[in-house]
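Read the structure below first, then the notes.
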Amino acid sequence: MVLLGIESTAHTASVGIVTERAEVLSLATDMFKPLHGGIHPREAANHHVEVLPGLVAKALDDAHIRPSELDAVAFAQGPGLGPCLRAGATVARMLALTWNKPLVPVNHCVAHVEIARVLSGIDDPMLLYASGGNTQVVAYGSGRYRVLGETLDVGIGNFLDKLWISMGGTFPGGPAIEAEALRGSELLSLPYSVHGMDVAFSGMLTATLALRAKGAGKPDLAFSVENTAYSMLTEITERALAHRRRTDVVLGGGVACNERLRGMVRAMAEGRGGTSFAPPKSLCVDNGAMIAWTGHLALGAGLSVPVERSAVQPRQRTDLVPTPWR
Ligand code: AMP
Ligand code: MG
Numbered sequence: 041m042v043l044l045g046i047e048s049t050a051h052t053a054s055v056g057i058v059t060e061r062a063e064v065l066s067l068a069t070d071m072f073k074p075l076h077g078g079i080h081p082r083e084a085a086n087h088h089v090e091v092l093p094g095l096v097a098k099a100l101d102d103a104h105i106r107p108s109e110l111d112a113v114a115f116a117q118g119p120g121l122g123p124c125l126r127a128g129a130t131v132a133r134m135l136a137l138t139w140n141k142p143l144v145p146v147n148h149c150v151a152h153v154e155i156a157r158v159l160s161g162i163d164d165p166m167l168l169y170a171s172g173g174n175t176q177v178v179a180y181g182s183g184r185y186r187v188l189g190e191t192l193d194v195g196i197g198n199f200l201d202k203l204w205i206s207m208g209g210t211f212p213g214g215p216a217i218e219a220e221a222l223r224g225s226e227l228l229s230l231p232y233s234v235h236g237m238d239v240a241f242s243g244m245l246t247a248t249l250a251l252r253a254k255g256a257g258k259p260d261l262a263f264s265v266e267n268t269a270y271s272m273l274t275e276i277t278e279r280a281l282a283h284r285r286r287t288d289v290v291l292g293g294g295v296a297c298n299e300r301l302r303g304m305v306r307a308m309a310e311g312r313g314g315t316s317f318a319p320p321k322s323l324c325v326d327n328g329a330m331i332a333w334t335g336h337l338a339l340g341a342g343l344s345v346p347v348e349r350s351a352v353q354p355r356q357r358t359d360l361v362p363t364p365w366r
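All residue numbers for the sequence shown refer to the working numbering, where the first residue is 41 and numbers rise by one.
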């Protein structure tokens with residue numbers, strides 16, 4: 041079996057082609073990068089509409105797959121930005137109708153877990169999902185993926201981007217802050233906001249910009265932000281592991297590309313006698329391959345839908361999505 045998957049929940053348009061053994065035959069991705077400030081949903085959606093046809097052609101070409109050889113078309117149904125989701129869903133419906141293939145809706149957060157699960161071989165992990173818009177700790181329980189902890193305000197990636205742009209940088213801020221932090225050494229005191237298994241970042245944003253205004257250097261600020269924010273994420277992941285009696289962690293989301301975060305989570309998991317796994321960076325960030333792979337699981341469990349029942353769900357909740365393959 042071979043599936044084509046389309047991702048378009050936020051700034052990334054991506055098409056992946058994946059086999060039933062989770063081999064990624066091709067992955068074609070194009071990220072919308074705003075010239076100023078953050079993402080405007082309409083502008084990002086226009087970008088996706090422009091690039092998706094070319095990405096579909098490239099993915100088929102690179103995989104040496106003809107449309108007739110595909111078993112289904114999967115797409116990210118939610119959660120995400122409405123206009124962006126609709127761009128991807130429209131392309132997916134059109135392809136499914138044209139090629140006469142089943143159409144399979146996939147939850148974006150579940151897809152981050154499933155791609156990490158299959159690549160790691162860890163059967164029942166805790167997922168730390170740290171991306172632009174999402175920051176969640178997720179585990180499977182009683183028939184659904186459950187969100188055990190999450191951000192109470194912005195996603196960690198949006199926090200890093202906003203901080204970096206406010207200090208004069210450009211999007212994306214996370215990788216730039218990672219590079220800057222390597223030159224820092226002094227740990228400045230910043231708000232450490234952990235509330236049970238939840239976190240919050242807006243206080244740290246205000247405090248960091250205040251220190252910057254008083255003359256603190258970017259390297260030390262980046263070093264302090266990374267250590268504080270990633271300690272918070274590591275702490276809520278550890279608490280979730282302890283409560284759910286799990287030992288192993290998988291990472292997902294763009295911020296999971298960060299080496300310091302990977303190292304901190306690994307040290308925590310190994311300290312508890314477990315392991316941690318982060319997918320290769322191209323499969324950590326938003327990507328069509330994870331949608332195609334989760335489409336395999338969903339199709340195998342009979343979860344395809346007719347076009348008229350394929351509406352996108354911008355606020356789709358992870359814990360309301362059926363996962364009968366588990
Ligand atoms: P996503 O929403 O999953 O596509 O991820 C995008 C987010 O990941 C953006 O907010 C980026 O700033 C962030 N990001 C990407 N690479 C890194 C990195 N190496 N360290 C920290 N954040 C990162
Ligand atoms: Mg994501």
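For glycine and all other residues, C-beta sits at the position ideal for the given N, C-alpha and C.
- If only complete runs of 4 or more residues are kept, the region 274 to 313 shows the alpha helix (DSSP H) at 299 to 311, in order along the chain.
- In this structure, the C-beta of Glu218 approaches the ligand AMP to less than 8 angstroms from one of its heavy atoms.
- Annotation for Gly189: no alpha helix (DSSP H) segment contains it, though the beta strand (DSSP E) segment containing it runs Arg184 to Glu190.
- For Ser108, same chain residues with a beta-carbon under 8 angstroms away, outside a window of 5 residues either side, are Trp139 in chain order.
- In the displayed model, His76 falls within coil according to three-state DSSP, outside both helix and strand.
- Note that the C-beta distance between Gly56 and Ala99 is below 9 angstroms.
- Along the region 66 to 123, the beta strand (DSSP E) occurs as fully enclosed runs of 3 or more residues at 112 to 118, listed in sequence order.
- Judged by beta-carbon spacing, Val144 lies within the 9 angstroms limit of Ser344, meaning their Cβ atoms are closer than that value.
- For Leu249, same chain residues with a beta-carbon under 8 angstroms away, outside a window of 5 residues either side, are Leu203, Ser206 and Met207 in chain order.
- Taking a C-beta distance under 9 angstroms as the contact criterion, Ala50 and Gly189 do not qualify as a contact pair.
- Contact annotation: Val89 and Leu44 have beta-carbon atoms that are not nearer than 9 angstroms.
- Here Ala262 is near Gly224, since their CB atoms are less than 9 angstroms apart.
- A direct Cα-Cα distance of roughly 39 angstroms separates Val58 from His235.
- Pro215: member of the alpha helix (DSSP H) spanning Gly213 to Ala221, first to last residue.
- Here DSSP, grouped into helix, strand and coil, assigns Ala338 to helix.
- Leu121 sits buried, since 16 or more C-beta atoms from the chains shown fall within 10 Å of its C-beta.
- In this structure, Asn298 has its beta carbon less than 8 angstroms from a heavy atom of the ligand AMP.
- Between Ser48 and Cys149, the gap from beta carbon to beta carbon reaches 9 angstroms or more.
- Contact between the region 236 to 245 and the region 175 to 192 is established, with three or more Cβ pairs separated by less than 8 angstroms.
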